[in-house]
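S.K.: One structure, as structure tokens, below. Some questions next.
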Amino acid sequence: MPSLIDLRRRIRSVKNTQQITKAMKMVASARLRRAQERVVNARPFARMAGEVLQNVVGAVSGAGDLAGSLPLLASREERKIQLVLITADRGLAGAFNTNLIKAAQYFIDGRPRQDVSLELYGRKGRDYFVRRSVRISGEVTGISQSATLADAEALAQKLIGRFSSGQADSVYLLYNEFKSILSQKVMLRKILPISVPQGTAQRDYLFEQPPAAMLARLLPDSIVLQILEAFLESAAAEQAARMTAMDAATTNASDVINKLTLHLNRVRQASITREIIEVVSGASALE
Amino acid sequence: MAATLRLEVATPEHLLLKEQVTQAEVPGLQGALGVLPEHSPLLSELGCGTLTYVLENGQKKRMAICGGYVEVGPDFIRVLANRAEAADDIDVKRAGEALQRANERLLHPTPELDVARALNAMHRAQSRLDSAARR
Chain A
0 MPSLIDLRRR IRSVKNTQQI TKAMKMVASA RLRRAQERVV NARPFARMAG
50 EVLQNVVGAV SGAGDLAGSL PLLASREERK IQLVLITADR GLAGAFNTNL
100 IKAAQYFIDG RPRQDVSLEL YGRKGRDYFV RRSVRISGEV TGISQSATLA
150 DAEALAQKLI GRFSSGQADS VYLLYNEFKS ILSQKVMLRK ILPISVPQGT
200 AQRDYLFEQP PAAMLARLLP DSIVLQILEA FLESAAAEQA ARMTAMDAAT
250 TNASDVINKL TLHLNRVRQA SITREIIEVV SGASALE
Chain B
0 MAATLRLEVA TPEHLLLKEQ VTQAEVPGLQ GALGVLPEHS PLLSELGCGT
50 LTYVLENGQK KRMAICGGYV EVGPDFIRVL ANRAEAADDI DVKRAGEALQ
100 RANERLLHPT PELDVARALN AMHRAQSRLD SAARR
């Protein structure tokens, strides 16, 4: 039976933990708001750019074989696959990183005959795969909450370079999508070769530049946008996951404190009762 | 016939502007494009330069933009710029310094100089200065 002092010590320690989880939850919810804002701010551009792309494709598609003239559209046999894994830099976010890493491992295991190389964004994914026998083509850590357009551009350039030079036959993004505060969804998205949305032009557009030339420049930009979107989604999802996890941890700590307090009171009462019995029986022995 | 156009300016990270305007001038890749209401549909790439627009109350505004696309419809202009900054927000001193840096780099090239990038930086700084100077 634990002594009173031990119980009190444990209650104090759980209370301290609870304070930390509570603070982390609050920090995460403040950061979540900011991250969500960035996601929302990025949406109009993505929507409009998608429409422009569709219009240009609509204008060009009469010209015949697109994939022949634009290498970014040409799909070939997948022998060398590039997987970009976007994890968080920090833990304590529930199953956020675990789910992603599991999905990545599953992706690799499911392609034993292909050569999969990993581009790792985020410390957690790096820490896991660095010690395993996978090919790592690059890693970037420390930007999971602050990824900017420039980061997305740098990655896009690297990936397009690898795809064009034949170092990769296809490129996939693996990241957590922010669905709601309570749920994140692991997303696997193929970004190269690009599959163009089937489009017809909404209007009969005048073109300042030949539409085909414009398309050739639009395509790399659309990859940058997809990567940026993944970065922003992942940042928001990370904060949401951490907030939920820390909320659950705070509730659990309350439960433990309640249980321990109840136990502590029982033990205390039992010892008081025992002392009274001792006093009473000692007194009666004197009579 | 519509008397105004809806002007939307967005960068990949923000929607910067959504206003009714009576006319606008966009820096296209091959020169400035003036747009009035009922313009025929048009798609173009953007260069670096100054976007000028006139609000319904006659107020004239400027914005430095660089790279991207513009889509014109009968009652709207959508500017998808890679970089954009309202003229009032431009830090003239910083832009001036950036221009000087780019200039120097181009005048005294080192072997590892990325000429395209330096030229780009120069254009960007120049367009910001131009937009700010005319306010």
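Residue numbers (numbering that gives the first Met the number 0), protein chains in the order written: chain A, 0 to 286; chain B, 0 to 134.
Even glycine gets a Cβ: it sits at the ideal position worked out from N, Cα and C.
All figures in this text were calculated on a predicted structure; none of them were measured in a lab.
#1: Using beta-carbon positions only, say whether LEU214/A and VAL59/A come within less than 8 Å of one another.
#2: To the nearest angstrom, how far is the alpha carbon of PRO111/A from that of LYS79/A?
#3: Kindly indicate which residue of SER2/A, ALA45/A, VAL38/A and LEU31/A has the alpha-carbon position closest to the one of ALA9/B.
#4: At a CB-CB cut-off below 7 Å, which residues of chain A make contact with ALA9/B?
#5: With a cut-off of 8 Å, does the C-beta of HIS13/B fall near any C-beta of chain A?
#6: Can you tell which of VAL20/B, LYS60/B and GLU12/B has the C-alpha that lies nearest to the C-alpha of PRO36/B?
#7: Any C-beta of chain B sitting closer than 8 Å to the C-beta of ARG8/A?
#8: How many Å lie between GLU277/A and ALA269/A at the Cα?
#9: Going by beta carbon distance, what residues of the same chain come within less than 6 Å of LYS189/A, once the five residues before and after it are set aside?
#10: Can you give the beta carbon distance from MET245/A to ALA87/A, rounded, assuming they're within the 8 Å contact cut?
#11: By DSSP, does ALA58/A sit in helix, in strand, or in coil?
#12: Just curious, the beta strand (DSSP E) that TYR174/A is in, first and last residue?
#13: Please state the DSSP three-state secondary structure of TYR204/A.
#14: Could you check how far apart the C-beta atoms of VAL55/A and PRO210/A are, in whole angstroms? I think they sit under 8 Å.
#15: If you follow the beta strand (DSSP E) that ARG61/B is part of, which residue opens it and which one closes it?
#16: Under the assumption that SER164/A contacts ILE193/A (Cβ atoms under 8 Å), give the Cβ distance between them as a whole number of angstroms.
#17: Identify whether GLU76/A lies in helix, strand or coil by the three-state DSSP scheme.
#18: May I ask whether a heavy atom of the ligand SAM can be found less than 7 Å away from the beta carbon of ASP246/A?
#19: For the alpha helix (DSSP H) containing THR272/A, list its first residue and its last residue.
#20: I think GLU207/A touches GLY27/B, with their Cβ atoms under 8 Å apart; what is that distance to the nearest whole Å?
#21: For GLN166/A and ILE256/A, I'd like the C-alpha separation in whole angstroms.
#22: According to the neighbour-count rule (16 or more other Cβ atoms, all chains shown, within 10 Å of its Cβ), is GLY93/A buried or exposed?
#23: Could you work out which residues of chain A lie near ARG93/B, taking near to mean beta carbons separated by less than 8 Å?
#24: For a cutoff of 8 Å on Cβ pairs, would you count GLU44/B as touching chain A?
#25: Could you tell me the boundaries of the beta strand (DSSP E) in which ASP114/A lies?
#26: Starting from ILE135/A, follow its DSSP beta bridges and name the residues at the other end.
M.R.: Taking the geometry as given:
#1: It is a contact, given that the beta carbons lie within the stated cut-off.
#2: Whole-angstrom Cα-Cα distance: 11 Å.
#3: The shortest Cα separation from ALA9/B among SER2/A, ALA45/A, VAL38/A and LEU31/A belongs to ALA45/A.
#4: Those are PRO43, PHE44 and MET47, listed as they occur along chain A.
#5: Closer than 8 Å: yes.
#6: When each option's Cα is compared against that of PRO36/B, the closest is VAL20/B.
#7: Output row for ARG8/A: interface = no.
#8: Distance from the CA of GLU277/A to the CA of ALA269/A, rounded to the nearest whole angstrom, comes to 12 Å.
#9: Within the same chain, Cβ atoms closer than 6 Å to the Cβ of LYS189/A are found at TYR171, the five residues on either side in sequence being excluded.
#10: Incorrect: roughly 14 Å between the Cβ atoms, too far for contact.
#11: In the structure shown, ALA58/A falls within a helical segment according to DSSP collapsed to helix, strand and coil.
#12: Looking at the DSSP string, the run of the beta strand (DSSP E) that includes TYR174/A is 169–177.
#13: Three-state result, TYR204/A: coil.
#14: Confirmed, Cβ separation roughly 5 Å.
#15: Segment 59–72, the beta strand (DSSP E) holding ARG61/B.
#16: Wrong, their Cβ atoms sit about 17 Å apart, outside the cutoff.
#17: Here DSSP, grouped into helix, strand and coil, assigns GLU76/A to coil.
#18: Absence of the ligand SAM is noted for the structure shown, with no ligands found whatsoever.
#19: Its alpha helix (DSSP H) spans residues 210–285.
#20: About 6 Å separates the beta carbon of GLU207/A from that of GLY27/B, a gap short enough to meet the 8 Å contact definition.
#21: So the two alpha carbons sit approximately 56 Å from each other.
#22: Counting other Cβ atoms within 10 Å of its Cβ, GLY93/A reaches 16 or more and is therefore classed as buried.
#23: By Cβ distance, chain A contributes nothing, its closest Cβ being about 17 Å from ARG93/B, past 8 Å.
#24: Answer yes: the Cβ-Cβ gap between GLU44/B and chain A drops below 8 Å somewhere.
#25: Counting along the chain, the unbroken beta strand (DSSP E) around ASP114/A starts and ends at 114–120.
#26: Beta bridge pairing from DSSP links ILE135/A with LEU117/A.
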